[in-house]
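Asks:
There are 2 protein chains.
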Amino acid sequence: MKKLINAIESFVDEACEGVVAAHPDLVRFHREPRFLARAAAPKGRKVALVSGGGSGHEPLHGGFIGVGMLDAACPGEVFTSPVPDQMDAAARAVQNGGGVLFIVKNYTGDIMNFDLAAELLRGDGIDVRTVITADDVAVQDSTWTAGRRGVGVTVFVEKIAGAVAERGGSADEVEKIAKRTSEAGRSMGMALTSCTVPAKGSPTFELGETEIEIGIGIHGEPGRERTKLISADEIVERLAHPVIEDLGLKRGDSVIAMTNGMGSTPLIELYVAHRHLAKVLAGAGVTIARALVGNYITSLDMDGCSITLLRADDELLRLYDAPVHTPALRWGV
Amino acid sequence: MKKLINAIESFVDEACEGVVAAHPDLVRFHREPRFLARAAAPKGRKVALVSGGGSGHEPLHGGFIGVGMLDAACPGEVFTSPVPDQMDAAARAVQNGGGVLFIVKNYTGDIMNFDLAAELLRGDGIDVRTVITADDVAVQDSTWTAGRRGVGVTVFVEKIAGAVAERGGSADEVEKIAKRTSEAGRSMGMALTSCTVPAKGSPTFELGETEIEIGIGIHGEPGRERTKLISADEIVERLAHPVIEDLGLKRGDSVIAMTNGMGSTPLIELYVAHRHLAKVLAGAGVTIARALVGNYITSLDMDGCSITLLRADDELLRLYDAPVHTPALRWGV
Chain A
0 MKKLINAIES
10 FVDEACEGVV
20 AAHPDLVRFH
30 REPRFLARAA
40 APKGRKVALV
50 SGGGSGHEPL
60 HGGFIGVGML
70 DAACPGEVFT
80 SPVPDQMDAA
90 ARAVQNGGGV
100 LFIVKNYTGD
110 IMNFDLAAEL
120 LRGDGIDVRT
130 VITADDVAVQ
140 DSTWTAGRRG
150 VGVTVFVEKI
160 AGAVAERGGS
170 ADEVEKIAKR
180 TSEAGRSMGM
190 ALTSCTVPAK
200 GSPTFELGET
210 EIEIGIGIHG
220 EPGRERTKLI
230 SADEIVERLA
240 HPVIEDLGLK
250 RGDSVIAMTN
260 GMGSTPLIEL
270 YVAHRHLAKV
280 LAGAGVTIAR
290 ALVGNYITSL
300 DMDGCSITLL
310 RADDELLRLY
320 DAPVHTPALR
330 WGV
Chain B
0 MKKLINAIES
10 FVDEACEGVV
20 AAHPDLVRFH
30 REPRFLARAA
40 APKGRKVALV
50 SGGGSGHEPL
60 HGGFIGVGML
70 DAACPGEVFT
80 SPVPDQMDAA
90 ARAVQNGGGV
100 LFIVKNYTGD
110 IMNFDLAAEL
120 LRGDGIDVRT
130 VITADDVAVQ
140 DSTWTAGRRG
150 VGVTVFVEKI
160 AGAVAERGGS
170 ADEVEKIAKR
180 TSEAGRSMGM
190 ALTSCTVPAK
200 GSPTFELGET
210 EIEIGIGIHG
220 EPGRERTKLI
230 SADEIVERLA
240 HPVIEDLGLK
250 RGDSVIAMTN
260 GMGSTPLIEL
270 YVAHRHLAKV
280 LAGAGVTIAR
290 ALVGNYITSL
300 DMDGCSITLL
310 RADDELLRLY
320 DAPVHTPALR
330 WGV
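In the order they appear, the protein sequences are chains A and B. Letter 139 of the first sequence, counting from 1, is numbered 138 in numbering that gives the first Met the number 0, and no numbers are missing. Letter 185 of the second sequence, counting from 1, is numbered 184 in numbering that gives the first Met the number 0, and no numbers are missing.
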């Protein structure tokens with residue numbers, strides 16, 4: 000296992016310290032229990048957006064802390080749910096009376112631990128809502144999931160609900176737009192190679208030299224099918240068509256499209272993939288209103304890509320375009 | 000070789016089309032001869048900034064086209080210099096009487112081909128200046144270089160000279176700040192793994208399972224030493240100290256620091272590296288005024304990182320902070 004790493008035990012803490020070293024104006028780090036939060040508290044009463052999950056998916060979630068997105072993120076160990084104490088402490092640190100929205104990817108451990116934290120917080124009179132993302136169309140149930148896995152749409156939920164929270168939306172309004180966004184997005188991913196979890200030290204799964212896995216999860220969970228290596232265009236079609244169908248996109252629709260790298264995919268290849276996604280969508284009469292191409296929700300050093308499409312309308316686009324200033328997404332500021 | 004690719008011959012063209020598909024508001028593509036240019040011509044007389052080089056270093060250079068940075072970029076084939084026709088056509092397309100600045104990384108082929116294009120353009124009365132970046136402290140001469148290789152500082156030259164050009168600076172002013180920036184930066188990189196050039200289909204060089212290469216070039220050119228795998232902190236020290244020494248940084252100095260991924264390095268690891276860079280600099284009494292952590296100048300699918308430090312002063316920081324809107328760097332807009 001070759002990685003830029005010092006010790007397995009301190010890997011996540013050190014990465015958190017690195018985020019703060021790079022962005023001290025945006026993010027601060029609380030070590031015990033572990034969470035990252037905005038360096039400067041927002042002015043006025045604001046719904047606090049708190050997310051989190053296992054580490055290894057960077058920039059998700061810590062890279063999305065800042066004006067217009069998250070207030071705090073709780074990183075678990077690599078591919079391991081954060082514990083309720085983390086979400087409890089993070090929520091208490093960033094809430095200021097406007098309520099809290101938990102943004103939770105649909106994995107059993109995450110759901111359980113965010114729920115436990117919500118109970119603790121509600122016991123002290125804090126208004127906690129939860130939105131669950133479950134956008135991965137590849138498989139219905141999975142290794143760590145009842146129902147679909149939560150993946151790329153989480154980025155859009157954090158951005159769009161973040162915009163409503165930032166402009167002073169109520170807990171009801173923030174919860175409503177978060178759920179609407181979550182339901183408007185679908186994703187599917189694939190792997191050219193496995194990832195390697197530091198604590199294990201060897202690849203999570205084996206893929207032959209000419210094999211790829213379609214429908215993979217962000218922890219290396221099995222997908223729909225293992226197939227031989229096919230062209231970038233064919234790969235994109237295997238991902239895009241199920242997403243388009245599941246979302247029920249029709250001619251005249253428009254989307255926010257994300258061509259996402261799994262962690263070790265060169266940008267030049269992501270652009271080759273995005274090119275064909277644009278062609279497939281054009282063929283279906285669907286307009287790309289906005290696009291993200293790059294690493295937004297990753298799986299350590301997995302090579303591969305995922306596609307997320309969010310059905311767009313004027314309200315979602317306006318909120319997506321609202322100013323954001325985080326380590327990983329920034330515009331209008 | 001597992002990549003998101005359709006065909007070797009069309010790889011670079013397709014990636015260019017993908018950039019445009021993702022950012023039609025920012026970038027347009029001219030196929031023959033090949034260049035990328037701003038989608039919307041800047042208003043008024045403006046020095047045109049044109050860069051380019053072999054492909055495989057994305058987002059450099061095409062990802063830096065837009066307001067506040069480049070006017071055009073000429074992508075060669077993978078790790079292959081663009082030909083003079085490309086720079087000639089790109090410069091003619093984007094210049095509007097204010098002169099042209101070529102930003103060229105110090106590789107023999109690039110220098111020669113940009114020089115030939117400059118001759119052609121000057122023959123038609125166009126004022127062409129050239130700044131050469133040569134910031135890699137690892138080796139003096141290299142496989143493809145007389146003198147030091149041009150690497151990470153190129154990003155800062157494009158940003159800072161771009162700011163002066165955007166606000167209407169003269170060709171003299173843009174050239175002067177570009178040269179000053181180029182001379183104020185130093186870099187060094189390392190590889191955990193080789194890259195694989197699609198046309199070859201196998202790794203450019205061999206590294207054992209517990210070997211790394213310190214001082215590597217962005218095409219896999221040999222570095223200073225091959226050593227056994229060491230910790231992230233030790234790696235950062237092997238890169239940072241030569242850069243700090245060569246730049247002559249002293250207590251009280253401040254820098255813009257870039258911890259750059261070579262293409263397939265997970266962001267979580269780059270943050271671990273950046274954490275220690277911040278510690279090393281703090282130990283030397285040097286302040287990080289601004290930081291970039293991510294993939295900015297890559298080497299296809301090479302795993303590893305490089306560090307670039309730019310000695311900062313008020314003028315350079317003000318220009319660095321000026322608004323920019325490109326596919327890969329955006330702020331203030």
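For every residue, glycine included, the Cβ atom is placed at its ideal position computed from N, Cα and C. Here the structure is a predicted model, which is why all the values come from computation and not from measurement.
Is there at least one Cβ from chain B nearer than 9 Å to Thr-307 (chain A)'s Cβ?
Replies: Chain B contact via Cβ: absent.
Asks: At the level of alpha carbons, what is the spacing between Gly-251 (chain B) and Gly-97 (chain B)?
Replies: Roughly 38 Å between the two C-alpha positions.
Asks: Val-130 (chain B) bridges to which residues according to DSSP?
Replies: Answer is B:Ile-102.
Asks: Taking contact to mean at least 3 C-beta pairs separated by less than 8 Å, is the stretch 226–235 of chain A in contact with the stretch 313–324 of chain A?
Replies: With a cut-off of 8 Å, the stretch 313–324 of chain A and the stretch 226–235 of chain A do not count as touching, because too few Cβ pairs lie within range.
Asks: Taking 6 Å as the limit between beta carbons, can you name the residues of its chain near Thr-79 (chain B), skipping five residues before and five after?
Replies: For Thr-79 (chain B), where only same-chain residues beyond five positions count, the Cβ hits under 6 Å are Gly-53.
Asks: First and last residue of the beta strand (DSSP E) that includes Ile-255 (chain B)?
Replies: Note, Ile-255 (chain B): beta strand (DSSP E), 253–260.
Asks: Can you tell me where the beta strand (DSSP E) holding Val-292 (chain B) begins and where it ends?
Replies: Note, Val-292 (chain B): beta strand (DSSP E), 286–293.
Asks: Can you list, in chain order, the residues of its chain whose CB lies under 8 Å from that of Val-242 (chain B), leaving out five sequence neighbours each side?
Replies: Within the same chain, Val-242 (chain B) has close Cβ partners Val-136, Arg-185, Ser-186, Met-187, Ile-306, Thr-307, Leu-308.
Asks: For Ile-296 (chain B) and Glu-16 (chain B), what's the separation of their Cα atoms in angstroms?
Replies: Ile-296 (chain B) and Glu-16 (chain B): Cα-Cα distance of roughly 20 Å.
Asks: Using a Cβ cut-off of 9 Å, pull out every chain B residue sitting near His-60 (chain A), in sequence order please.
Replies: Correct list: empty, because the minimum Cβ distance to chain B is about 12 Å.
Asks: Can you check which of these residues, A:Ala-321, A:Gly-67, A:Ala-290, A:Leu-48, is closest to Asp-24 (chain B) by C-alpha distance?
Replies: Here the closest residue by C-alpha is A:Ala-290.
Asks: Helix, strand or coil for Asp-135 (chain A)? Go by DSSP, reduced to three states.
Replies: Of the three classes helix, strand and coil, the one that applies to Asp-135 (chain A) here is strand, per DSSP.
Asks: Going along chain A, which residues have a C-beta under 9 Å from Gly-352 (chain B)?
Replies: Since the first residue shown for chain B is 0 and the last is 332, residue 352 (chain B) is missing from the structure and cannot be characterised.
Asks: Check the Cβ-Cβ distances between Asn-95 (chain A) and every residue of chain B, and say whether any is below 9 Å.
Replies: Closer than 9 Å: no.
Asks: For the ligand NAP, any of its heavy atoms closer than 8 Å to the Cβ of Cys-15 (chain B)?
Replies: In terms of ligand content, the structure shown is empty, and the ligand NAP therefore cannot be addressed.
Asks: Would you kindly check if the distance between the Cβ of Asp-70 (chain A) and the Cβ of Ala-116 (chain A) is under 9 Å?
Replies: No, these two residues do not count as a Cβ contact at 9 Å.
Asks: Using only alpha-carbon positions, find the residue among A:Ser-298, A:Asn-294, A:His-275 that is nearest to Ile-287 (chain A).
Replies: For Ile-287 (chain A), the nearest C-alpha among the options comes from A:His-275.
Asks: Please check if any C-beta of chain B sits within less than 9 Å of the C-beta of Val-254 (chain A).
Replies: Judged by the 9 Å Cβ criterion, Val-254 (chain A) is not in contact with chain B.
Asks: Using a Cβ-Cβ cut-off of 9 Å, state whether Asn-5 (chain A) counts as contacting chain B.
Replies: Closer than 9 Å to some Cβ of chain B, the Cβ of Asn-5 (chain A) qualifies, so yes.
Asks: For the alpha helix (DSSP H) that contains His-240 (chain A), what are its first and last residues?
Replies: Its alpha helix (DSSP H) spans residues 231–246.
Asks: Under a three-way DSSP split, which group does Val-66 (chain B) fall into?
Replies: Residue state, collapsed to three classes: strand.
Asks: Going by C-alpha to C-alpha distance, which of A:Glu-157, A:Leu-120, A:Thr-203, A:Asp-12 sits closest to Met-0 (chain A)?
Replies: Selected option, being the one with the closest Cα: A:Thr-203.
Asks: By the 10 Å Cβ neighbour count, where 16 or more other Cβ atoms means buried, how is Lys-158 (chain B) classified, buried or exposed?
Replies: Burial call: buried.
Asks: Out of B:His-273, B:Ala-40, B:Glu-182, state which residue places its alpha-carbon closest to the alpha-carbon of Gly-247 (chain B).
Replies: The candidate whose alpha carbon is nearest that of Gly-247 (chain B) is B:Glu-182.
Asks: Please classify Gln-94 (chain A) as buried or exposed, where buried requires at least 16 other C-beta atoms within 10 Å of its C-beta.
Replies: Its Cβ being crowded by 16 or more others within 10 Å, Gln-94 (chain A) is buried.
Asks: Taking only the alpha-carbon atoms, compute the straight-line gap between Asn-105 (chain A) and Glu-13 (chain A) and give it to the nearest angstrom.
Replies: Distance between the alpha carbons of Asn-105 (chain A) and Glu-13 (chain A) is about 26 Å.
Asks: Put Met-111 (chain B) into one of helix, strand or coil per three-state DSSP.
Replies: Helix, per DSSP.
Asks: Return the first residue and the last residue of the beta strand (DSSP E) that Met-187 (chain B) is part of.
Replies: Met-187 (chain B) -> beta strand (DSSP E) spans 184–190.
Asks: Please work out which residues of its chain come closer than 7 Å, Cβ to Cβ, to Ile-7 (chain A), disregarding the five sequence neighbours upstream and downstream, and give them in chain order.
Replies: Excluding positions up to five away in sequence, the list reads Pro-197, Ala-198.
Asks: Give a yes or no on whether the minimum CB-CB distance between Ser-230 (chain B) and chain A is below 9 Å.
Replies: Chain A, which has a Cβ nearer than 9 Å to the Cβ of Ser-230 (chain B), makes this yes.
Asks: Looking at the unbroken alpha helix (DSSP H) that takes in His-275 (chain A), where does it start and where does it end?
Replies: Residues 266–282.
Asks: Out of curiosity, what's the CA-to-CA distance linking Met-68 (chain B) and His-56 (chain A)?
Replies: In a straight line, the C-alpha of Met-68 (chain B) is about 30 Å away from that of His-56 (chain A).
Asks: Thr-325 (chain A): buried (16+ other C-beta within 10 angstroms of its C-beta) or exposed?
Replies: With 16 or more Cβ atoms within 10 Å of its Cβ, Thr-325 (chain A) is classed as buried.
Asks: Looking only at its own chain, which residues have a Cβ that is under 6 Å from the Cβ of Arg-147 (chain B), when we skip the five neighbours before and after it?
Replies: Taken in chain order, the residues that qualify are Ala-133, Asp-135.
Asks: Going by alpha carbons, who is nearest to Ala-160 (chain A) out of A:Thr-129, A:Ala-145, A:Ser-141?
Replies: Answer by Cα proximity: A:Thr-129.
Asks: Can you check which of these residues, B:Ala-21, B:Asn-112, B:Ala-36, B:Val-154, is closest to Leu-328 (chain B) by C-alpha distance?
Replies: Among B:Ala-21, B:Asn-112, B:Ala-36, B:Val-154, the Cα nearest to that of Leu-328 (chain B) is on B:Val-154.
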